[in-house]
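A quick write-up on the structure given underneath.
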Amino acid sequence: MKKILSSEITPYSAYINRRKFIKLAGILSIAMPITSPVSALHTQSTTKYDNQLEEGDKINTYDEITTYNNFYEFGMGKSDPANNSDLFNPKPWKIKIEGLVEKPFEINLEDLLKNISIEDRVYRLRCVEAWSMVIPWQGFPLSKLIEIASPLSSAKFIQFVTVFRPEEMLGQKQRLLPWPYVEGLRMDEAMHPLTILSTGLYGHDLLNQNGAPLRLVVPWKYGFKSIKSIEAIRFVEKQPSATWSMVAPNEYGFYSNVNNAVHHPRWSQGTERRIGEFFRRPTLMFNGYEEEVSYLYKNMDLQKFY
Ligand SMILES: Nc1nc2c(c(=O)[nH]1)N[C@H]1C(S)=C(S)[C@@H](COP(=O)(O)O)O[C@H]1N2
Ligand SMILES: [Mo]
42 MKKILSSEIT
52 PYSAYINRRK
62 FIKLAGILSI
72 AMPITSPVSA
82 LHTQSTTKYD
92 NQLEEGDKIN
102 TYDEITTYNN
112 FYEFGMGKSD
122 PANNSDLFNP
132 KPWKIKIEGL
142 VEKPFEINLE
152 DLLKNISIED
162 RVYRLRCVEA
172 WSMVIPWQGF
182 PLSKLIEIAS
192 PLSSAKFIQF
202 VTVFRPEEML
212 GQKQRLLPWP
222 YVEGLRMDEA
232 MHPLTILSTG
242 LYGHDLLNQN
252 GAPLRLVVPW
262 KYGFKSIKSI
272 EAIRFVEKQP
282 SATWSMVAPN
292 EYGFYSNVNN
302 AVHHPRWSQG
312 TERRIGEFFR
322 RPTLMFNGYE
332 EEVSYLYKNM
342 DLQKFY
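With this note's numbering applied, the sequence shown has no gaps in its numbers, which climb one by one up to 347 at the end.
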């Protein structure tokens with residue numbers, strides 16, 4: 042299991058200051074002449090969502106975030122991903138852009154990141170078994186990659202595909218799930234500025250157990266939508282299949298929005314346990330992001346499209 046010394050982890054107070062500093066750096070960069078082909082993206086305002094801690098929210102510790110995980114490619118237990126992921130080598134990493142785009146291509150993650158500025162954000166991630174964590178993700182809005190990909194207007198959804206490497210991901214040698222793990226978003230959900238591709242947390246590159254080197258974070262949806270170790274991003278016309286809604290369609294829908302009024306058949310979704318806390322707390326609609334995202338679903342029956 043990979044360990045990072047606690048002395049190496051940026052303390053939270055310094056972390057906040059660093060975020061302020063990065064914000065400032067972001068503002069400065071807008072004033073400079075920009076020549077990269079994705080320059081227009083840098084002027085897009087993303088700072089609006091930077092301060093997302095609700096009253097009473099505490100960021101979970103690095104230890105909690107990296108030892109209590111779901112990543113069935115490494116086993117079904119919460120400590121399996123931290124214990125069984127040493128064989129996985131996420132460097133170098135290629136991402137394939139496929140499907141309904143002007144021209145499909147492959148790009149090294151390093152090259153992609155040269156074109157995209159990484160911003161620090163704080164997001165809550167909530168899991169479907171009604172537990173949650175507050176995680177200081179680093180990443181960039183998925184919309185920036187979508188602009189680089191130039192999807193055709195016929196592309197209405199995106200499917201994400203996790204790498205398939207049974208020699209490195211021992212869970213893939215068993216039929217715990219159909220492999221590879223896949224997930225999907227509707228295009229407007231994918232373009233929302235809260236939807237990010239994450240490359241790190243607490244100032245460190247993602248550890249394998251958190252989905253190195255690149256994973257999705259969709260903070261208003263249940264945890265399983267946030268697919269890890271993404272190898273392919275596929276633009277499609279029809280709603281794509283997603284692993285958990287394939288496995289148990291009556292329990293997990295395509296949308297999977299955090300919704301305290303739609304319960305899982307086997308447990309309540311009205312409360313959740315914040316990892317590190319003893320008492321359960323009420324679950325907020327859309328995980329607290331109702332103001333930001335409810336417009337995406339305004340004409341939909343969320344009891345039906347769960
Ligand atoms: N490829 C892949 N991605 C995955 C999973 C998985 O098993 N395989 N588990 C999902 C689930 S159920 C959750 S709750 C989150 C957990 O993310 P975390 O361990 O970084 O907190 O990852 C999601 N992404
Ligand atoms: Mo989950």
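All C-beta atoms in this analysis are idealised placements derived from N, C-alpha and C, irrespective of residue type, glycine included.
field: Candidates 145, 231 and 276, of which the one nearest residue 195 by Cα
entry: As a working note, residue 195 is residue 154 in the sequence shown. With distances taken between Cα atoms, residue 195 lies closest to 276.
- prompt: Residues bridged to residue 241 by DSSP?
  reply: If you number the sequence shown from 1, residue 241 lands on position 200. Answer is 179 and 246, bridged to residue 241.
message: So for residue 300, helix, strand or coil by DSSP?
response: For this step, residue 300 is matched to residue 259 along the sequence shown. Residue 300: coil per DSSP, three-state reduction.
Within 7 Å of ligand 2: residues by beta-carbon to any heavy atom: Applying a distance threshold of 7 Å between residue Cβ atoms and the heavy atoms of ligand 2 selects 111, 168, 169, 170, 263, 264 and 265, given in chain order.
- request: Can you check DSSP and say which residues form a bridge with residue 198?
  value: Looking up residue 198 in the sequence shown gives position 157. For residue 198, the pairing in a beta bridge is given by DSSP as 227 and 277.
query: For the alpha helix (DSSP H) that contains residue 132, what are its first and last residues?
result: In the sequence shown, counting from the first residue as 1, residue 132 sits at position 91. Counting along the chain, residue 132 falls outside any alpha helix (DSSP H), and DSSP gives it neither H nor E.
query: Is the CB-CB distance between residue 235 and residue 207 below 7 Å?
result: Indexing the sequence shown from 1 puts residue 235 at position 194. Indexing the sequence shown from 1 puts residue 207 at position 166. Inclusion of residue 235 and residue 207 in the CB contact set at 7 Å is not warranted, their separation being larger than that value.
message: Looking at ligand 1, does it come within less than 6 Å of residue 164, judged from the CB to the closest heavy atom?
response: In the sequence shown, the residue the question calls residue 164 occupies position 123. No; taking the cut-off as 6 Å, the Cβ of residue 164 has no heavy atom of ligand 1 nearer than that.
- request: Say whether the segment 210 to 224 touches the segment 301 to 310, bearing in mind that this needs 3 or more beta-carbon pairs closer than 8 Å, one atom from each stretch.
  value: no
- prompt: Skipping 5 residues on each side, what residues in its chain have a beta carbon closer than 8 Å to that of residue 342?
  reply: Looking up residue 342 in the sequence shown gives position 301. Cβ neighbours of residue 342 beyond the five flanking positions: none.
- prompt: Is it true that the CB of residue 166 sits closer than 7 Å to the CB of residue 176?
  reply: For the purposes of this step, residue 176 is taken as residue 135 along the sequence shown, with counting starting at 1. For the purposes of this step, residue 166 is taken as residue 125 along the sequence shown, with counting starting at 1. Yes.
- prompt: Can you tell me where the alpha helix (DSSP H) with residue 106 in it begins and where it stops?
  reply: For the purposes of this step, residue 106 is identified with residue 65 of the sequence shown, where counting begins at 1. From DSSP, the alpha helix (DSSP H) with residue 106 extends over 103 to 108.
message: Does residue 344 pass the burial test, meaning 16 or more other C-beta atoms within 10 Å, or should it be called exposed?
response: As a working note, residue 344 is residue 303 in the sequence shown. So residue 344 ends up on the exposed side.
field: Option nearest residue 333 by Cα separation, candidates 313, 317, 238 and 229
entry: Counting from 1 along the sequence shown, the entry for residue 333 is found at position 292. Checked all of 313, 317, 238 and 229; the closest Cα to residue 333 is 229.
Cβ separation of residue 293 and residue 346, assumed to be a contact under 8 Å, to the nearest whole Å: The residue labelled residue 293 in the question sits at position 252 within the sequence shown. The residue labelled residue 346 in the question sits at position 305 within the sequence shown. The Cβ separation is near 12 Å, so there is no contact.
- prompt: When you compare only the Cα positions, how much space is there between residue 143 and residue 313?
  reply: Here residue 143 refers to the residue found at position 102 of the sequence shown. Here residue 313 refers to the residue found at position 272 of the sequence shown. If you take the alpha carbons of residue 143 and residue 313, they lie about 43 Å apart.
query: By Cβ distance below 6 Å, which residues in the same chain neighbour residue 381 in space, the five residues on each side in sequence not counted?
result: Nothing can be reported for residue 381, as the shown portion of the chain is limited to 42 through 347.
- request: May I ask you to list the residues that DSSP assigns as paired with residue 203?
  value: For the purposes of this step, residue 203 is identified with residue 162 of the sequence shown, where counting begins at 1. BP columns for residue 203 point to 271.
query: Should residue 285 be labelled buried (16 or more other beta-carbon atoms within 10 Å of its own) or exposed?
result: Walking along the sequence shown from the start, residue 285 turns up at place 244. Classification for residue 285: buried.
task: Using the Cα positions of residue 339 and residue 331, report the straight-line distance between them to the nearest angstrom.
output: In the sequence shown, residue 339 corresponds to position 298, counting from 1. In the sequence shown, residue 331 corresponds to position 290, counting from 1. When rounded, the distance between both Cα atoms is 11 Å.
query: Beta carbon of residue 203: closer than 6 Å to some heavy atom of ligand 1?
result: For the purposes of this step, residue 203 is identified with residue 162 of the sequence shown, where counting begins at 1. Ligand 1 approaches residue 203 closely enough that one of its heavy atoms is under 6 Å from the residue's Cβ.
- prompt: Is residue 184 near ligand 1, with its Cβ less than 6 Å from a heavy atom?
  reply: Here residue 184 is taken as the residue at index 143 of the sequence shown, counted from 1. Every heavy atom of ligand 1 is 6 Å or more from the Cβ of residue 184, so no.
field: DSSP beta-bridge partners of residue 346
entry: Indexing the sequence shown from 1 puts residue 346 at position 305. DSSP output for residue 346 lists no bridge partner at all.
- prompt: Under the three-state reduction of DSSP, which class applies to residue 148: helix, strand or coil?
  reply: Translated into the one-based positions of the sequence shown, residue 148 becomes position 107. Residue state, collapsed to three classes: strand.
field: Under 7 Å between C-beta atoms of residue 169 and residue 311
entry: Position 128 of the sequence shown, counting from 1, holds the residue named residue 169. Position 270 of the sequence shown, counting from 1, holds the residue named residue 311. Their beta carbons are not under 7 Å apart, which means residue 169 does not touch residue 311 by this criterion.
query: Closest by CA to residue 282, which one among 299, 187 and 199?
result: As a position in the sequence shown, residue 282 is number 241, starting the count at 1. When only C-alpha atoms are compared, the closest one is 199.
field: Cβ-heavy atom distance, residue 195 to ligand 1, below 6 Å
entry: Stepping through the sequence shown from its first residue, residue 195 is reached at position 154. Flag unset: Cβ of residue 195 not near ligand 1.
task: Alpha carbon to alpha carbon, how far is residue 185 from residue 251? Give it in angstroms, no decimals.
output: To locate residue 251, count along the sequence shown from 1; it is residue 210. To locate residue 185, count along the sequence shown from 1; it is residue 144. Going by C-alpha positions, residue 251 is about 22 Å away from residue 185.
field: residue 333 in three-state terms, based on DSSP
entry: The residue you call residue 333 lines up with position 292 of the sequence shown. The three-state secondary structure of residue 333, taken from DSSP, is helix.
- prompt: In terms of alpha-carbon separation, which member of 113, 243, 291 and 160 lies closest to residue 209?
  reply: For the purposes of this step, residue 209 is taken as residue 168 along the sequence shown, with counting starting at 1. For residue 209, the closest C-alpha among the options 113, 243, 291 and 160 is that of 113.
message: For residue 257, count the other beta carbons within 10 Å of its own beta carbon; 16 or more makes it buried, fewer makes it exposed. Which is it?
response: Walking along the sequence shown from the start, residue 257 turns up at place 216. With 16 or more other Cβ atoms within 10 Å, it is buried.
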